[in-house]
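Enquirer: No gaps in the numbering here: position 137 of the sequence shown is 137 in UniProt numbering, and each next residue is one more.
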Amino acid sequence: MPQTATATHSPDDVIEYRSGSTDRCRRFVEYETTDGEEFESCVGPDGGFVEEVDDDGDEERTEFDRNGIVRYRSTEEEDGDEEEWIYDGNGTLRVYREEEEDDDEEERIYDVNGTLRFQRTEDDDGDERERWYDENGTLRVFQKDDEDGDDVRRVYDANGILIESDRDDDDFDD
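1. If you run the structure through DSSP and keep just helix, strand and coil, what is residue 20?
2. Within 10 angstroms of its Cβ, does residue 135 collect 16 or more other Cβ (buried), or is it exposed?
3. Comparing C-alpha positions only, which one of 123, 156, 101 sits nearest to residue 75?
4. Put residue 138 into one of helix, strand or coil per three-state DSSP.
5. How would you call residue 62, buried or exposed, if buried means at least 16 neighbouring beta carbons within 10 angstroms?
6. What residues are listed by DSSP as bridge partners for residue 47?
7. Let me confirm a value: residue 73 is counted as buried when at least 16 other C-beta atoms fall within 10 Å, else exposed. Which label applies?
8. Can you grab the Cα-Cα spacing for the pair residue 53 / residue 40, in whole Å?
9. To the nearest angstrom, how far is the alpha carbon of residue 45 from that of residue 25?
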């Protein structure tokens, strides 16, 4: 389970501080420090969240349900890189997404047991790769679509042995 770090600050570092309760939060804390760090936390009957911004401008948010199980987590760095994790009610990672500032992307989908079932990557040139896995985590299908028209599709059996391979290479088309 991901952990959220909480820095401790001396009272002299804190330039703004609020705490108490709101309609949604039984316990609410928010503060900002002289070096630009921000922290916000909310805990209520339906769960809550913790949100932090460090002195570099990197942001992190974690949301949890009423049982304290993390359901969602995201990070956004100052340079534009973003990551997102989505969990089910048992705390099992179900979806992971990453997008870098240079437009490289990755997405992974997991089943209820936490087994990777699908993965897609796309780079800043538009080259895309997809992988499908079975319930045992064995790669069953690999597909690559390049921006320049080179396409590859490979199919594997339950033991991971290649049983079919197709390639469409625009360099060889007349």
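Note that CB positions come from ideal geometry on N, CA and C, so glycine has one too. Quick caveat, the model's predicted, so the values are computed rather than measured.
Expert: Let me spell this out:
1. Residue 20 falls in the strand class under three-state DSSP.
2. Of the residues assessed, residue 135 falls on the exposed side of the cut-off, its CB having fewer than 16 other CB atoms within 10 angstroms.
3. Distances from the CA of residue 75 to each of 123, 156, 101 were compared; the closest alpha carbon is that of 101.
4. Residue 138 falls in the coil class under three-state DSSP.
5. Buried.
6. Paired residues: 44, 65.
7. Buried, by the Cβ-count rule.
8. One Cα belongs to residue 53, the other to residue 40, and the distance between them is close to 9 Å.
9. Spanning the alpha carbons of residue 45 and residue 25 requires a straight line of approximately 8 Å.
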